[in-house]
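Number 172 in the numbering used here belongs to position 185 of the sequence shown; there are no gaps in the numbering.
We put the beta carbon where it would ideally sit given N, CA and C, even for glycine.
Quick caveat: nothing in here was measured; it's all calculated off a predicted structure.
In what follows, a structure is listed as structure tokens, so that the remarks can point back to it.
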Amino acid sequence: MRFLHSFKTAISGLRSHKSRSFLTILGIVIGITAIILVMSVGKGAENLILSQVQGLGTRTIAVVPGREPKGPSDFAQVFSDSLKEKELEALQRKDNVPTLEQIMPVVFGGENGSYGNETYRLTIFGGSEMITQIFDLKVSEGNFLTQSDVRGRADVVVLGAKVKEELFGSSDAIGEKIKIKGRNFRVIGVLPKKGQVSFFNFDEMAVVPYTTAQQFIFGIKHFHRFIILADSEEDIGRTVRDIELTLRGLHDIDSAKKDDFFVETQEDLASRLGTITQVLTLLLVSIAAISLVVGGVGIMNIMLVSVTERTREIGLRKAIGATEKDVLTQFLLEATILTSVGGVVGIALGALFSLLISFALSGILGLDWKFSFPMFAAFLGLAVSAIIGLVFGLYPAWQASKKSPIEALRYE
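See below:
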């Protein structure tokens, strides 16, 4: 009964100073809202990135030239020419990599494409007919690349949806020619809107045979990466080991530390990107959490002012039988109720803003962004709010409980 009475007294005290109570919890509301918002958006970003990476399929393996970057000094090594025709031929041999089902060399880069008076900065993707299987691509108009296009270094191109729209508008593009790097390319196909798949946005791409891109657009003899399909998910590990052994043998490398290439599976990439997004989210949450500390200090300050203003009330309560414990409990409850209410309001606002952001990103930017509400963060935010109320309300409550009833009643 004593606790229930203290609770009712605390509620009554807060109701009698509504404006002050609202301003007191504002810092907590802002802090919890920021944390929920950051964690929700961070989780949504993580899900979006992972879904794009996993869009390549679980059997996909990428071989990238250069040393795998583990620090700022290694990024220069990524731009290497260690993957050439001899590496492609070696990996295609079944006695070297028996579990390799298909391999596609890839080159890519930015160039201007023009048609008539229209010019658009597009991404050149040099690949082969395998691209339809690896990236699950289908043309909405025309046809795709063929093996003969690759072997013959044909001047043909398949346009992404946005490239077609920018250069041709509503006009038919099939059979027309666009100019890239001073060379005419005949449009043989147009892709439907596909968006981002892994690191490639196919809406802004022009897909050409990799042989054509190498010789006539980029003027190189190496590849920017190999994209490989293993024959089954169970053979991913074996395929990776065979690729590494084959390339090390070809490059006379006797230690993994000396590799001038690195191999990535979709699982590795998803794990790495997931870790990065989680670390960034935690960093932002830690910054947002500073406002909770500021809010806690504000609560302590307001509670101390409240104790001073209510000195006579405290004296009167003690005079009619309230103990130090009763007064301590009352003021602790006031602080805890304030912060808990702030936590609930913050969680609700954070969820609302996160939902609005997810709608905006999906509707305006066309991203496959899904709303994610972090239940763990909600429970944690509520618990942290209550703890802040206890911690920062303890000193003012202790000050109130120690007041002498005689001196308190004399207080003017």
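In whole angstroms, what separates the C-alpha of residue i from that of residue j?
i: D68; j: T110; result: 20 Å
i: T264; j: D313; result: 48 Å
i: K357; j: G147; result: 25 Å
i: T252; j: V50; result: 9 Å
i: S242; j: D218; result: 27 Å
i: L267; j: L348; result: 19 Å
i: D246; j: Q201; result: 24 Å
i: V227; j: Q89; result: 14 Å
i: Y197; j: T47; result: 19 Å
i: I223; j: S158; result: 45 Å
i: V332; j: V16; result: 6 Å
i: L325; j: G376; result: 7 Å
i: P92; j: D239; result: 22 Å
i: R54; j: S273; result: 33 Å
i: L400; j: E220; result: Here the chain covers residues -12 to 399 and nothing more, so residue 400 does not appear.
i: H211; j: P52; result: 7 Å
i: D142; j: I118; result: 17 Å
i: Q64; j: H209; result: Residue placement at Q64 is poorly supported in this model, since its pLDDT is 48, which falls under 50; the coordinates still yield a value, given next. Going from the Cα of Q64 to the Cα of H209 covers about 15 Å.
i: T233; j: K244; result: 16 Å
Assuming residue i and residue j form a contact by the criterion Cβ under 8 Å, report the distance between their Cβ atoms to the nearest whole angstrom.
i: I167; j: G100; result: 5 Å
i: V195; j: S127; result: Actually they are not in contact, since the Cβ atoms of V195 and S127 sit about 18 Å apart, beyond 8 Å.
i: G337; j: S372; result: With 8 Å as the limit, G337 and S372 do not qualify as a contact, their Cβ atoms being about 12 Å apart.
i: E153; j: Y107; result: 4 Å
i: L70; j: F187; result: The pair is not a contact, with the Cβ atoms about 18 Å apart (cut-off 8 Å).
i: E327; j: N34; result: Checking the sequence shown, residue 327 turns out to be Ser, not Glu. That belief does not hold up - the Cβ atoms of S327 and N34 are roughly 30 Å apart, past 8 Å.
i: T11; j: I289; result: 5 Å
DSSP three-state label for residue i, please.
i: L349; result: Checking the sequence, you will find Ser at residue 349 rather than Leu. Correct three-state label for S349: helix.
i: G114; result: strand
i: A160; result: coil
i: K30; result: helix
i: F210; result: coil
i: L216; result: strand
i: E55; result: coil
i: S69; result: coil
i: V194; result: strand
i: V84; result: coil
i: V174; result: strand
i: R140; result: coil
i: N130; result: coil
Quick check on the burial criterion: 16 or more other C-beta atoms within 10 angstroms. Buried or exposed for residue i?
i: L216; result: buried
i: V280; result: exposed
i: I175; result: buried
i: F346; result: exposed
i: D123; result: exposed
i: V137; result: buried
i: L343; result: exposed
i: D82; result: exposed
i: G162; result: exposed
i: F62; result: Annotation note: pLDDT 44 at F62 (below 50); position unreliable, no value reported.
i: S135; result: exposed
i: L270; result: exposed
Take residue i and list the residues in its own chain whose beta-carbon comes closer than 8 Å to its own, dropping the five residues that flank it on each side.
i: E191; result: L109, T110, G147, K149 and V150
i: Q120; result: Q89 and L216
By Cβ distance, which residues of its chain are closer than 7 Å to residue i, with the 5 residues on each side in sequence left out?
i: L24; result: G337, F340 and S341
i: I165; result: G100, S101, Y102, V144, L154, F172 and V174
i: S365; result: Residue identity check: residue 365 is Ala in the sequence provided, not Ser. For A365, where only same-chain residues beyond five positions count, the Cβ hits under 7 Å are I23 and I334.
i: G96; result: I111 and F205
i: K30; result: S359 and P361
For residue i, collect the residues of the same chain with a Cβ closer than 6 Å to its Cβ; drop the 5 residues on either side in sequence, then sort them by chain order.
i: T199; result: R140
i: E105; result: L154
i: T133; result: E116
i: G282; result: G14, I15 and G18
i: M369; result: It is Leu, not Met, that sits at residue 369 in the sequence shown. The residues are G330.
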